[in-house]
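Enquirer: Residue numbers (my numbering): -14 to 92.
Shown below is the structure under consideration.
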Amino acid sequence: MRELEGRLQRTCPFCRQTPLISYEEIKKNYVTRAEANDTRATTQLGGRCMLEGDDCAAFEYYTKAAGLGDIIAHHTLATIFYRGGQGVEKDKKKFFAPAAGHDWLMR
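Okay, here's the thing in structure tokens:
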């Protein structure tokens, strides 16, 4: 309420930092969180790399996130694989490696 009245600066409810404004600040924050094994940030970085056309980096971020258990990353890897790789080397053994710990995905 006090934020709306203008008496307090708007902050993140989790980390209490001010919102990030520029794309560079947001990407830097995602990279920091991905280095700390934050699955959501790692998946988001994969998506950003995909939009920028860097399919190899996107594949690596999605593979890392899938290895950490992110189901969205698993789905995106399956989509990339199904559509022919989109610039990524086709290696079935590497593709299914992140899913090895999730037996229910293989059924």
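Virtual Cβ for every residue (Gly too), placed ideally from N, Cα, C.
Relative to the alpha-carbon of Thr24, which residue among Gly54, Asn14, Tyr67 and Cys34 has its alpha-carbon at the smallest distance?
Expert: On the sequence shown, position 39 is the one that residue 24 refers to. Of Gly54, Asn14, Tyr67 and Cys34, the residue nearest in Cα terms is Gly54.
Enquirer: Ala58 and Gly31: beta carbons closer than 8 Å?
Expert: Counted from its first residue, the sequence shown places residue 58 at position 73. Counted from its first residue, the sequence shown places residue 31 at position 46. Their beta carbons are under 8 Å apart, which means Ala58 touches Gly31 by this criterion.
Enquirer: Threshold first: 4 residues or longer. Then list the alpha helix (DSSP H) segments lying entirely within the stretch 2 to 58, N to C.
Expert: Correct list: 8 to 20, 24 to 37 and 40 to 52.
Enquirer: So for Thr64, helix, strand or coil by DSSP?
Expert: Sequence index remark: in the sequence shown, residue 64 carries index 79 (1-based). Helix at Thr64.
Enquirer: Rounded to whole angstroms, what is the Cα-Cα separation between Asp28 and Cys34?
Expert: What you label residue 28 is simply residue 43 of the sequence shown in a count that begins at 1. What you label residue 34 is simply residue 49 of the sequence shown in a count that begins at 1. Looking at the sequence provided, one finds Thr at residue 28 rather than Asp. Near 10 Å, if we compare the C-alpha coordinates of Cys34 and Thr28.
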